Amino acid sequence: MSDRQSSRAGLALAFFSGMLSSSLPTPLYPVYIRLYGFSASQIMTVFGVYAAGVLFALLLTAKVNIRAELYTRPIYAGLGCVLLSAILMMFADNILMLISARFITGLGSGILMAYINRSLIKTFDTEVSNTAALTAAASLILGQAIGPLVTGNIVHHHFYTLKAPYIILLILVVMSVAGVWNNRLQINKSLPPY
Numbered sequence: 009m010s011d012r013q014s015s016r017a018g019l020a021l022a023f024f025s026g027m028l029s030s031s032l033p034t035p036l037y038p039v040y041i042r043l044y045g046f047s048a049s050q051i052m053t054v055f056g057v058y059a060a061g062v063l064f065a066l067l068l069t070a071k072v073n074i075r076a077e078l079y080t081r082p083i084y085a086g087l088g089c090v091l092l093s094a095i096l097m098m099f100a101d102n103i104l105m106l107i108s109a110r111f112i113t114g115l116g117s118g119i120l121m122a123y124i125n126r127s128l129i130k131t132f133d134t135e136v137s138n139t140a141a142l143t144a145a146a147s148l149i150l151g152q153a154i155g156p157l158v159t160g161n162i163v164h165h166h167f168y169t170l171k172a173p174y175i176i177l178l179i180l181v182v183m184s185v186a187g188v189w190n191n192r193l194q195i196n197k198s199l200p201p202y
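Here the working numbering = 1-based position in the sequence shown + 8.
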């Protein structure tokens, strides 16, 4: 695998992990209601605060100018948010922890959306094809679709219901960090002059 292909794969895995984190807890909301007695409106707040985190991160990244040679830094920050939120979700037993964790998940997803898309555009020859957009869209859609499928099966089989989904996510995030780190020179390449 060439350096460019390896960097694209690392970025795609990082984006997939971020998007997986957004949908992974969806089948767990009825479990939280049953175990902790949360109301439907509390769960809707937990569900909705993720979107607030994404919007906040996107607004922030639009205002912060980071040079193309430093794009891995915000990617690490986004993956760090996903990692922290997964740990918080794994041990959350009250509504404030769930709300905080989901907001942090949204921050991570928003940061990853902004900087992985920019990095993919850099690493693909966008004049030749739309592969950067295809890779980003596939990572987003697969992450959103596979999250509830994985957690739904874990809930159905009662397999460490509140821990197993996040352990899977933690493994993927660590792999993503390694993939970005191993390809940091390619990802952080300067943009060619216009």
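Cβ atoms here follow ideal geometry from the backbone N, Cα and C, with glycine treated the same way. Keep in mind that this is a model prediction, so the values were computed, not measured.
Under 8 angstroms, with one C-beta from each stretch per pair, do the stretch 173-180 and the stretch 90-110 reach the 3-pair mark? With a cut-off of 8 angstroms, the stretch 90-110 and the stretch 173-180 count as touching, because enough Cβ pairs lie within range.
Suppose you measure from the CA of S14 to the CA of K130; what does that come to, to the nearest Å? 14 angstroms
CB S147 to CB G116, shorter than 8 angstroms? no
Between L32 and L180, how many whole angstroms is the CB-CB distance? I'm expecting something under 8 angstroms. Going by Cβ atoms, the distance from L32 to L180 rounds to 10 angstroms, so no, they are not a contact pair.
Among the residues of its own chain, which have a CB less than 8 angstroms from the CB of I51, if the five just before and after it don't count? Y37, Y40 and I41
Give the DSSP-derived three-state secondary structure of S47 in the structure shown. S47 falls in the coil class under three-state DSSP.
Beta carbon of S184, beta carbon of A22: below 8 angstroms? yes
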